[in-house]
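**Student:**
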Amino acid sequence: MTTGADVDVLIPTYDRAAALATTLGSVAAQDVPGLRVVISDQSPVPSWKEPLAAAALRIVEHRGGTVRTAHRPDRRGPAEQRAYLLSRAERRYVLFLDDDVWLEPCAVRLLRSAIAWLGCGFVGYAVQGLSYLGDERPDEQLPYEEWREPVRPERVRRGGDRWRRHHLHNAANLVHLARRHPAPPSGWRPYKVAWIGGCVLFDRAALLAAGGFDFWPDVPPEHAGEDQVAQLRVLERCGGAGLLPSRAVHLELPTTVPRRGTECYDIVFGPDVSD
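Numbering (my numbering), first residue to last: 4 to 278.
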């Protein structure tokens, strides 16, 4: 039986108690036992103390998982928060899961089987906004390309053809693509990505070897794109893949990082150089 005994679920959160409860509820409902959940909360008052979130954490533990929480109200930016979570990880695989994502019960099991089969640095589900189901965007779906051969490292930079893959993850594009490309018996199709937002399972050793989020001291607290940078670095060393269909749904809440004066990409990679 597949278990989650080698997976840490890392959740950064800020001032989203209700959303966190929904996310944790979906983690509690995963069909693999033994997950370890680590939460870094930068809210003034810990969100996990809110009754719904607290109940979800109890369910995680009741179903054989473990929970570790840290209250860190001194906000130094998303990159620092992710770096902290990675430093608390212990297991072979780390699932970075945003606090506004709902997962299908099979999501972690399929992510775990995919990364083991593909042997790459990360796999993930791009989160889908179901309010866009009626918004078909054929032009944005054009970059879709499956991995027919073993996943290999790729260099992706702004301005190159591979960069345009990020349009695949807008709105509900993956839902529409999945209708035309049904899942095989494995439950997933690997496809080529630029990066994936919201739900990414890394091989922890690969992420650490690529530097993780070690760039956080170089960026001001108000920044964006920290997950993008980490994935681009892993992609270049070890390769990565998105999985179709996506089994992650975006709750479509307002961002908790409204001021994004700095893109981490600009600090880490410098001037644009196409792939």
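Ideal Cβ placement from N, Cα and C applies to all residues, glycine included.
1. Evaluate P257 with the Cβ neighbour count: other Cβ atoms within 10 Å of its Cβ, from every protein chain shown; 16 or more gives buried, anything less gives exposed.
2. Spatial neighbours of Y147 within its chain, please: CB distance less than 7 Å, with the 5 preceding and 5 following residues excluded, ordered by chain position.
3. Report the three-state DSSP secondary structure of I270 (helix, strand or coil).
4. Roughly how many angstroms lie between the CA atoms of R140 and G245, to the nearest whole one?
5. Does A86 come out as helix, strand or coil in the three-state DSSP assignment?
6. To the nearest angstrom, how far is it from the Cα of L254 to the Cα of G28?
7. Just to confirm before moving on: does the CB-CB distance between D101 and G201 stay below 8 Å?
8. Unbroken beta strand (DSSP E) runs of length 3 or more, entirely within the segment 94-153: which are they?
9. Check the C-beta distance from W191 over to L133 and give it rounded, since I have them as a contact under 8 Å.
10. Decide yes or no for the touch test of the segment 264-275 against the segment 209-226: beta carbon pairs closer than 8 Å, at least 3 of them.
11. Under the DSSP definition of a beta bridge, which residues are partnered with A244?
12. Do the segment 36-56 and the segment 10-17 meet, that is, are 3 or more Cβ pairs less than 8 Å apart?
13. Counting Cβ pairs closer than 8 Å, one from the segment 60-78 and one from the segment 212-219, do we hit at least three?
14. So, do the segment 232-242 and the segment 122-137 have three or more beta carbon pairs nearer to each other than 8 Å?
15. Whose C-beta lies closer than 7 Å to the C-beta of R236 among residues of the same chain, with five residues either side of it excluded?
16. Counting Cβ pairs, one atom from each stretch, are 3 or more of them under 8 Å apart for the segment 53-65 and the segment 88-101?
17. Return the CA-CA distance between A31 and R71, expressed in angstroms with no decimal places.
**Tutor:** This is what the structure holds:
1. exposed
2. L171, L180, Y194
3. helix
4. 19 Å
5. helix
6. 13 Å
7. yes
8. 96-100, 104-106, 125-127
9. Rounded, the Cβ-Cβ distance is 20 Å, inconsistent with contact.
10. yes
11. V126
12. yes
13. no
14. yes
15. A213, G214
16. no
17. 14 Å
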